[in-house]
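Here's the structure, in structure tokens; my notes come after.
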Amino acid sequence: MIEILTPTLLDRAKDTGALVADILRTLKGRSTVGTNLLDIDRWAKSLIVEAGALSCYVDYAPSFGRGPFGHYICTAVNDAVLHGRPHDRTLADGDLLTLDLAVSRGGVAADAAISFIVGDAKPGESVAMISATERALAAGIAAAGPGARVGDISHAIGTVLGEAGYAVNTEFGGHGIGSTMHQDPHVPNTGRPGRGYQLRPGLLLALEPWVMADTATLVTDADGWTLRSATGCRTAHSEHTIAITEDGAEVLTAPVGDA
Numbered sequence: 439m440i441e442i443l444t445p446t447l448l449d450r451a452k453d454t455g456a457l458v459a460d461i462l463r464t465l466k467g468r469s470t471v472g473t474n475l476l477d478i479d480r481w482a483k484s485l486i487v488e489a490g491a492l493s494c495y496v497d498y499a500p501s502f503g504r505g506p507f508g509h510y511i512c513t514a515v516n517d518a519v520l521h522g523r524p525h526d527r528t529l530a531d532g533d534l535l536t537l538d539l540a541v542s543r544g545g546v547a548a549d550a551a552i553s554f555i556v557g558d559a560k561p562g563e564s565v566a567m568i569s570a571t572e573r574a575l576a577a578g579i580a581a582a583g584p585g586a587r588v589g590d591i592s593h594a595i596g597t598v599l600g601e602a603g604y605a606v607n608t609e610f611g612g613h614g615i616g617s618t619m620h621q622d623p624h625v626p627n628t629g630r631p632g633r634g635y636q637l638r639p640g641l642l643l644a645l646e647p648w649v650m651a652d653t654a655t656l657v658t659d660a661d662g663w664t665l666r667s668a669t670g671c672r673t674a675h676s677e678h679t680i681a682i683t684e685d686g687a688e689v690l691t692a693p694v695g696d697a
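In the numbering used here, the protein residues as written are 439 to 697.
Structure follows, in structure tokens:
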């Protein structure tokens with residue numbers, strides 16, 4: 439299903455996007471050395487409920503997962519990259535943490551992810567990898583607009599990631615979003631320009647470049663959800679929800695004050 443939002447629903451999407459950005463910024467500030475991943479999940483629940491919103495994850499049970507996800511946020515550490523299920527683990531100095539959050543309010547969902555280093559240690563390779571996903575995300579957003587095609591976004595993202603030296607996995611990528619979290623069209627993190635669905639004003643997309651330092655192969659944890667690099671290398675993931683407008687693309691999940 440591909441949804442085209444009305445102006446009223448688009449306003450609600452902006453509201454939801456701002457909420458996602460605010461919650462992620464709050465959780466990043468609280469995620470320090472010694473923080474337990476289960477505490478992050480509890481904080482996410484509290485912030486979502488207090489805002490009168492709904493989690494898109496708690497009851498999420500797609501074919502690739504094992505039963506309902508059962509948590510309010512994805513917390514992926516170091517070699518984990520996608521669908522990180524919160525568990526009893528405390529963060530250490532230098533850990534690379536990815537927080538991925540999707541909520542719905544007013545009948546419209548928004549989805550975003552951030553990767554960052556916990557504590558004072560700043561491993562150079564990890565910082566470079568996070569930067570590559572952020573640059574790729576910016577390139578994908580710049581390629582989006584009315585009349586552009588999904589392949590244009592995919593090509594822009596893949597070009598940045600490839601030039602940075604990373605192999606691209608195409609099993610999971612960006613996606614349409616609207617009244618539900620995951621919709622068509624699928625937006626791979628590499629592709630050919632001029633191909634795929636043509637973008638229209640009112641379309642929402644969640645773009646999410648992610649990479650692993652030295653592999654493109656994923657393995658799944660025993661929890662049936664958490665996806666890790668097959669080699670144990672570190673990973674990074676950046677994501678924004680954007681709205682296609684008459685003039686281009688508007689980022690809905692950027693923190694206030696960010697570009």
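In this text, a Cβ means the ideal position worked out from N, Cα and C, and glycines have one as well.
Tell me whether the beta-carbon of residue i lies closer than 7 Å to the beta-carbon of residue j.
i	j	result
Leu465	Ser542	no
Val519	Thr655	no
Leu575	Ser676	yes
Gly616	Leu642	yes
Ser592	Gly629	yes
Thr528	Gly467	no
Gly686	Gly583	yes
Val561	Gly603	Looking at the sequence itself, residue 561 is Pro, so the reference to Val does not match. In this structure, Gly603 does not lie closer than 7 Å to Pro561 by Cβ.
Gly611	Val588	no
Arg523	Thr658	no
Ala540	Tyr510	no
Helix, strand or coil for residue i? Go by DSSP, reduced to three states.
i	result
Arg587	strand
Ala697	Here the model assigns Ala697 a pLDDT of 43, short of 50, so the residue's position is not dependable, and the following value carries that caveat. Looking at Ala697 - three-state DSSP - the assignment turns out to be coil, as it is neither helix nor strand.
Gly596	helix
Arg480	helix
Leu492	strand
Leu485	helix
Glu601	helix
Leu475	helix
His509	coil
Ala644	strand
Tyr635	coil
His525	coil
Thr618	coil
Ends of the alpha helix (DSSP H) at residue i?
i	result
Asp449	445-468
Considering only the alpha carbon of each residue, which of the options lies closest to residue i?
i	options	result
Gly578	Asp533, Glu688, Val657	Glu688
Leu462	Thr536, Tyr495, Asn516, Pro584	Thr536
Asp590	Arg527, Leu529, Pro631	Pro631
Thr669	His624, Asp460, Met650	Met650
Asp422	Leu645, Ala514, Phe502	For the chain, the structure presents residues 439 to 697; residue 422 sits outside this window and is missing.
Thr446	Ser469, Phe502, Val546	Val546
Thr691	Lys452, Leu448, Ile442, Phe507	Lys452
Ser501	Ala551, Thr628, His620	His620
Asp549	Gly600, Gly583, Gln636, Thr454	Thr454
Glu441	Thr653, His613, Ile486	His613
Asp661	Trp648, Arg504, Ala605	Arg504
Arg638	Thr683, Ala489, Leu534	Thr683
Ser569	Ala559, Ile552, Thr608	Ile552
Ala581	Ser469, Ile680, Val515, Gly640	Ile680
Ala530	Ala559, Thr597, Thr571, Thr513	Ala559
Leu485	Trp648, Phe507, Ala459, Thr608	Ala459
Just curious, the beta strand (DSSP E) that residue i is in, first and last residue?
i	result
Ile568	Per DSSP, Ile568 belongs to no beta strand (DSSP E); it is in the alpha helix (DSSP H), 562-581.
Val625	621-625
Ser542	534-543
Ser667	665-667
Met650	648-650
Leu520	518-520
Asp549	546-555
Glu684	Here Glu684 belongs to no beta strand (DSSP E), and DSSP marks it neither H nor E.
His613	612-614
Thr673	673-675
Ala660	First-last for Ala660: undefined, no H or E at that position.
Thr628	No beta strand (DSSP E) contains Thr628, which DSSP labels as neither H nor E.
Val515	512-515
Leu690	It is not in any beta strand (DSSP E) - Leu690 carries neither H nor E in the DSSP assignment.
Distance cutoff 7 Å, beta carbons only. Does residue i sit that close to anything in chain B?
i	result
Ser564	Considering every chain present, this structure includes no chain B. It has just one protein chain.
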